[in-house]
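*Asks:*
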Amino acid sequence: MLRLPLLASVYALFSTGMGTGMGMGKGMGMIAMHLQSRSSSRLTTNVLACKDVLSCSSPLMLWSTIAAHTDTMTTRTVHHITHPLVQHKLTLMRQKDRSTNNFRRLLHEISMLMAYEVTRDMPTQLIEIETPLETMQAPVIDGKKTVFVVIMRAGNGFLDGMLDVVPGARVGHVGLYRDPKSLVAVEYYFKMPHDMQNRDAIVLDPMLATGNSAVAAVERLKESSPKSIRFVCLLAAPEGLKKFHEAHPDVPVYTAAIDRQLNEHGYIVPGLGDAGDRLFGTK
Ligand code: URA
Numbered sequence: 373m374l375r376l377p378l379l380a381s382v383y384a385l386f387s388t389g390m391g392t393g394m395g396m397g398k399g400m401g402m403i404a405m406h407l408q409s410r411s412s413s414r415l416t417t418n419v420l421a422c423k424d425v426l427s428c429s430s431p432l433m434l435w436s437t438i439a440a441h442t443d444t445m446t447t448r449t450v451h452h453i454t455h456p457l458v459q460h461k462l463t464l465m466r467q468k469d470r471s472t473n474n475f476r477r478l479l480h481e482i483s484m485l486m487a488y489e490v491t492r493d494m495p496t497q498l499i500e501i502e503t504p505l506e507t508m509q510a511p512v513i514d515g516k517k518t519v520f521v522v523i524m525r526a527g528n529g530f531l532d533g534m535l536d537v538v539p540g541a542r543v544g545h546v547g548l549y550r551d552p553k554s555l556v557a558v559e560y561y562f563k564m565p566h567d568m569q570n571r572d573a574i575v576l577d578p579m580l581a582t583g584n585s586a587v588a589a590v591e592r593l594k595e596s597s598p599k600s601i602r603f604v605c606l607l608a609a610p611e612g613l614k615k616f617h618e619a620h621p622d623v624p625v626y627t628a629a630i631d632r633q634l635n636e637h638g639y640i641v642p643g644l645g646d647a648g649d650r651l652f653g654t655k
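Quick note: the sequence shown uses our numbering, first residue 373, plus one each step.
(1) Tell me, which residues are paired with Pro511 by DSSP?
(2) Which residue from Ala510, Val521, Val537 puts its Cα closest to that of Glu489?
(3) Please state the DSSP three-state secondary structure of Thr447.
(4) Hey, quick one: how far does the beta strand (DSSP E) through Ile316 stretch, first residue to last?
(5) Locate the beta strand (DSSP E) running through Val538, then write down its first and last residues.
(6) Name the DSSP bridge partner or partners of Gly547?
(7) Quick check on the burial criterion: 16 or more other C-beta atoms within 10 angstroms. Buried or exposed for Gly533?
(8) For His617, which residues from the same chain have a beta carbon less than 6 Å from its beta carbon, with the 5 sequence-adjacent residues on both sides left out?
(9) Just to confirm, is the Cβ distance from Leu580 to Gly612 under 8 Å?
(10) Could you tell me which residues DSSP pairs with Ser600 in its beta bridges?
(11) Starting from Ala629 and walking both ways along the beta strand (DSSP E), at which residues does that stretch end?
(12) Is Ile640 near the ligand URA, in the sense that its beta carbon is under 7 Å from a heavy atom of that ligand?
(13) Which of the three DSSP states is assigned to Thr658 in this structure?
(14) Could you please give the first and the last residue of the uninterrupted alpha helix (DSSP H) stretch that includes Asn635?
(15) Note down, in chain order, each residue of its chain lying with its Cβ closer than 6 Å to the Cβ of Arg414, except the 5 sequence neighbours on either side.
(16) According to DSSP, is Leu485 helix, strand or coil?
(17) Can you tell me whether Val556 is helix, strand or coil according to DSSP?
(18) Taking the alpha carbon of Asn528 as the point to measure from, which residue in Met465, Asp622, His545, His455 has its own alpha carbon closest?
(19) Run the proximity test for Gly643: is its beta-carbon closer than 7 Å to any non-hydrogen atom belonging to the ligand SAH?
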């Protein structure tokens with residue numbers, strides 16, 4: 373049977389119009405599900421009609437990816453990372469009495485685990501090495517080609533764990549604050565490494581809430597023409613996902629959860645509160 377997170381996520385996508393009509397082409401009431409068998413590392417892709425998804429009992433277990441399908445298989449992709457370790461740590465982070473120290477450590481651990489998923493299809497190249505027994509061709513990644521783009525300030529909490537896993541990566545920063553009245557993102561800082569055309573950008577922000585900051589950050593980032601862009605968050609609101617993919621259908625989103633909705637202050641509910649405040653102990 374498909375597991376609950378899949379149904380919840382599919383429901384979240386449908387309930388906001390994704391997968392039904394929102395900017396979709398003809399005959400696009402389809403969901404593309406990338407299902408991976410736990411027992412093998414082979415990735416298989418199923419394309420099912422929406423009504424079938426909700427009642428589907430696939431023998432394959434959902435591993436990590438759900439994609440709302442539009443024009444091509446590569447647009448408006450949402451990777452829902454359902455790994456039990458990620459989900460367990462996220463539950464601990466949501467608890468309101470968790471200490472700052474604990475919250476920070478958990479975010480660090482989750483970011484390492486998410487890095488594993490986000491870098492799953494990173495290109496490798498073969499180099500010749502000597503084992504104690506013989507010479508062989510073995511794959512390596514070129515970490516320097518990756519840029520983690522931190523949306524300040526909460527994105528910083530994601531960075532160290534990602535760098536633990538990809539230590540050679542470069543780091544760019546985008547400074548945005550949310551105008552408390554309009555909730556519009558205002559830029560105050562932007563610094564990227566040179567040669568962005570040769571680099572794959574991974575944008576980090578724990579909360580995809582209204583989507584305003586994420587949309588603005590990626591818009592700005594696109595001016596430097598990176599080779600590719602991915603967006604990683606811990607929690608997403610359906611409203612934020614919708615806005616983000618309306619603006620940037622080409623940028624896949626990786627998230628550990630899609631929560632119910634935004635409240636009137638632009639906070640994700642049930643959510644985990646203000647990620648920056650909880651991370652830095654500023655409230
Ligand atoms: N930013 C946060 O830190 N939390 C939310 O719920 C929304 C935006």
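Ideal Cβ positions, reconstructed from N, Cα and C, are used throughout, including at glycine.
All values reported here derive from a predicted model rather than from experimental measurement.
*Replies:* Quick look at the numbers:
(1) Leu498
(2) Val537
(3) coil
(4) Any property of residue 316 remains undetermined from this structure, which presents the chain solely from 373 to 655.
(5) Premise fails: Val538 is in no beta strand (DSSP E) and is neither H nor E.
(6) Met524, Tyr561
(7) buried
(8) Arg448
(9) yes
(10) Asp572
(11) 625–630
(12) yes
(13) Since the displayed the chain opens at 373 and closes at 655, residue 658 lies outside it and no answer follows.
(14) Asn635 -> no alpha helix (DSSP H), and no H or E assigned at all.
(15) Note on Arg414: pLDDT 26, under 50, position unreliable in the model; the coordinate value appears next. Around Arg414: no qualifying Cβ.
(16) helix
(17) coil
(18) His545
(19) This structure lacks the ligand SAH; its bound ligands are the ligand URA.
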